[in-house]
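Residue numbers (this note's numbering): 37 to 319.
Step one of this worksheet: look at the structure below.
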Ligand code: ZN
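Below you can see the structure in the form of structure tokens.
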């Protein structure tokens with residue numbers, strides 16, 4: 037695990053806390069951080085004394101989302117170098133759609149799915165901004181506690197993309213509000229998210245970690261097997277409703293958007309050329 041990107045804590049018996057520690061970059065999610073989170077959850081999974089895991093973040097903001105400082109080529113190179121290939125995919129440097137699809141499946145989609153299917157209960161504590169790819173990390177947790185200053189947004193339609201790689205919006209917000217959230221890129225407050233049922237509780241910022249920990253301790257007092265099966269029962273209900281297939285089909289549309297942007301504008305992950313998109317010549 038990359039200790040400088042993620043901190044692993046044991047704040048109470050039966051509770052592990054995984055803390056994003058890249059506050060200087062607003063905890064933006066590059067491959068190094070994503071696989072460090074993955075490794076931290078694997079550690080919590082392997083420890084049978086851990087019954088509940090809290091996902092938290094240092095700094096003012098939970099996370100600014102996927103790190104778009106890397107170009108597509110740099111991203112694919114990093115994936116080639118550090119990916120554990122846990123999705124069963126490889127070929128991250130293949131040309132065209134092949135490598136890009138493989139890299140995002142390995143680097144974004146399947147790490148999200150591993151956390152979503154993590155057998156032990158998980159609680160996400162969110163403060164400040166939670167943007168685009170950061171939503172994924174809140175949503176894959178079982179319970180979301182938001183500080184009263186939390187703000188949620190997914191602005192990627194403005195970048196010519198149909199939504200982040202893990203398109204759980206209809207399940208988290210309801211179909212009608214999901215469309216508004218995507219179409220407008222409006223920033224929604226913790227209270228609004230709570231009203232829509234997207235977060236479980238809104239608490240004062242200075243009470244966030246204590247509140248999340250108190251809930252984790254309460255949950256950890258329950259029988260581990262029953263907790264796992266209660267989680268699985270709810271998740272399987274969503275699966276039977278088609279959630280995972282819906283997310284997979286949306287991932288395909290997401291990649292259609294990537295290819296459209298690339299063919300039209302030569303535009304990859306680097307948003308520095310975004311202002312030029314409207315006037316860019318067709319390629
Ligand atoms: Zn993408």
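Ideal Cβ placement from N, Cα and C applies to all residues, glycine included.
Problem set entry | Best match in 160, 199, 178 and 158 for proximity to residue 33 [C-alpha to C-alpha] | The question about residue 33 has no answer here: the residues shown for the chain are numbered 37 through 319.
Problem set entry | Outcome for residue 88 when other beta-carbon atoms lying within 10 angstroms are tallied against a minimum of 16 | By the beta-carbon neighbour count (other beta carbons within 10 angstroms, threshold 16), residue 88 is buried.
Exercise. Taking the alpha carbon of residue 120 as the point to measure from, which residue in 252, 244 and 147 has its own alpha carbon closest?
Worked result: Of the candidates 252, 244 and 147, the one whose C-alpha sits nearest the C-alpha of residue 120 is 147.
Problem set entry | Cβ pair residue 64, residue 92 closer than 7 Å | Contact: no.
For this session: Return the bridge partner residues of residue 44 from the DSSP annotation.
Result: For residue 44, which the question treats as bridged, DSSP gives the partners 54.
For this session: Mind listing, in chain order, the continuous beta strand (DSSP E) runs of no fewer than 3 residues lying wholly within the segment 131-164?
Result: Complete beta strand (DSSP E) runs here, min 3: 158-162.
Problem set entry | Extent of the continuous beta strand (DSSP E) run through residue 104 | Boundaries cannot be given for residue 104, as no beta strand (DSSP E) includes it and DSSP labels it neither H nor E.
Problem set entry | Host beta strand (DSSP E) of residue 123 (start-end) | In the DSSP assignment, residue 123 falls outside any beta strand (DSSP E), carrying neither H nor E.
Problem set entry | For residue 292, three-class secondary structure by DSSP | Taken through DSSP and simplified to helix, strand or coil, residue 292 comes out as helix.
Exercise. For residue 190, which residues from the same chain have a beta carbon less than 8 Å from its beta carbon, with the 5 sequence-adjacent residues on both sides left out?
Worked result: Contacts found: 167, 168, 171, 199, 200, 205, 217, 218 and 221.
For this session: Quick one: grab the DSSP three-state call for residue 302.
Result: Correct three-state label for residue 302: coil.
For this session: Report the rounded CA-to-CA distance for residue 281 versus residue 153, giving the unit in angstroms.
Result: Distance between the alpha carbons of residue 281 and residue 153 is about 14 Å.
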